[in-house]
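Okay, so here's the structure we're looking at.
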Amino acid sequence: METTVQHNTPLVTTNAHQSDDSKAFDWFVWLQSSVRCKRTLKILIPQFSLSAALPTDDDDKIVGGYTCQKNSLPYQVSLNVGYHFCGGSLISDQWVLSAAHCYKPRFQVCLGEHNIDVIEGDEQFIQAAKIIPHPNYNDSTADNDIMLIKLNSPATISSRVSTISLPRSCPTAGTQCLVSGWGNMLSFGIKYPSLLQCLDAPVLTDTACHNSYPRKITSNMFCLGFVEGGKDSCQGDSGGPLVCNGELQGVVSWGFGCALKGKPGVYTKVCNYLDWIQETIAAN
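Under the UniProt record's numbering, think of the first position of the sequence shown as 1, with each following residue one higher.
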């Protein structure tokens, strides 16, 4: 039986609503003045284990990607509780879009990051004031895997920190897009990068997506990547941006393993949530 995997990296448990959040956050508050957004836990527990049919990682980025040009993705953020656990996208000076399965009751948002293990200067560290998962998020099916985060104070817009546009229409098959994050770089094993990683990949057809995951793809999801495997987002990239032609079209959501043949990454379709995003921001 196949096991689907959400692409984040919790400390010990695979449940995003883990019971140790308060304890982790208290430790984080004590540590944050010196550590800030750096990854303090290098040994993280992956959400799956596979022992066969895994591709070779010839190009060990994101999986199969490359190091992003420094500060070229100023909308990319890191969600942090003493360690990086998910990504997100800055959509206004006070709002971030991420994945609902990344929910934690308290965390810090790190903006302007490139090397997540070093204070480079000009980063911004802002507490999350409101964390609003989609009300119809289903953690069993990953449907409606989207979440809004209101920052405690507005971000200062600069060359290193700026917003990404929401989509005007839904993505079409064949469109080349960019996905980014600080997630695992290996299909099998654990190797987390210090530098932000990028991957260029095409939107797949609905047919290819449904064939890859029979009876699991809803109208709020789409697939991106390569059916032959070798390139994909992975654990730790969850909630991060998928950008097509300068618009935020997807949120890293789930998949079966990472970069496996016939199992591309699955993304939340942002275009289906424009009304919810606008209404939620207006109400908060």
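We put the CB at the ideal spot given by N, CA and C, even for glycine.
Alpha carbon to alpha carbon, how far is residue i from residue j?
i: C86; j: S253; result: 10 Å
i: T172; j: D122; result: 36 Å
i: D117; j: S194; result: 6 Å
i: L54; j: N211; result: For L54, the predicted model reports a pLDDT of 30, less than 50, meaning its position is unreliable; a value from the coordinates is still stated below. L54 and N211: Cα-Cα distance of roughly 19 Å.
i: V81; j: I126; result: 12 Å
i: F107; j: G239; result: 14 Å
i: S92; j: G181; result: 19 Å
i: T175; j: I190; result: 30 Å
i: T218; j: D143; result: 7 Å
i: T280; j: P241; result: 20 Å
i: C209; j: S98; result: 22 Å
i: K150; j: A283; result: 12 Å
i: S73; j: S165; result: First, the amino acid is wrong: residue 73 is Leu here, not Ser. The alpha-carbon atoms of L73 and S165 are separated by roughly 12 Å.
i: C68; j: G88; result: 16 Å
i: K130; j: N152; result: 8 Å
i: V96; j: D206; result: 28 Å
Provide the residue span of the beta strand (DSSP E) that contains residue i, from first to last.
i: residue 296; result: Residue 296 lies beyond the range of the chain shown here (1 to 284); nothing can be said about it.
i: Q108; result: Q108 to L111
i: V252; result: E247 to G255
i: V179; result: Q176 to G181
i: P133; result: Q124 to P133
i: V77; result: Q76 to N80
i: C244; result: P241 to C244
i: I149; result: M147 to L151
Tell me which residue opens and which closes the alpha helix (DSSP H) that residue i is part of.
i: A283; result: L274 to A283
i: S212; result: D206 to S212
Only counting the same chain, and skipping five residues up and downstream in sequence, which positions put a Cβ closer than 7 Å to that of residue i?
i: P167; result: E247, L248, Q249, V270 and C271
i: P133; result: A100, Y103 and M147
i: K263; result: S212, G255, F256 and G257
i: E120; result: H114
In the structure shown, what three-state DSSP assignment does residue i receive?
i: H101; result: helix
i: C170; result: coil
i: S270; result: Here residue 270 turns out to be Val, not Ser, going by the sequence shown. It is helical.
i: M185; result: coil
i: Y83; result: coil
i: F226; result: coil
i: D143; result: strand
i: V96; result: strand
i: I116; result: coil
i: Y137; result: coil
i: S233; result: coil
For residue i, which residues from the same chain have a beta carbon less than 6 Å from its beta carbon, with the 5 sequence-adjacent residues on both sides left out?
i: D232; result: V63, G225, C258, A259 and G265
i: L111; result: V77, Q124, A155 and V161
i: G65; result: Q197, C198 and L199
Could you round the C-beta distance between residue i and residue j to whole angstroms and report it? I think they count as a contact, below 8 Å.
i: V227; j: L199; result: Their Cβ separation, rounded to whole angstroms, is 15 Å, which puts V227 and L199 out of contact at 8 Å.
i: V203; j: C234; result: Not really, about 19 Å apart at Cβ, beyond 8 Å.
i: residue 296; j: Y192; result: Since the first and last residues shown for the chain are 1 and 284, residue 296 lies out of range.
i: S159; j: N71; result: 7 Å
So is residue i in contact with chain C if we call contact Cβ pairs under 9 Å?
i: Y66; result: Absence of chain C from the displayed structure is noted, only one protein chain being present.
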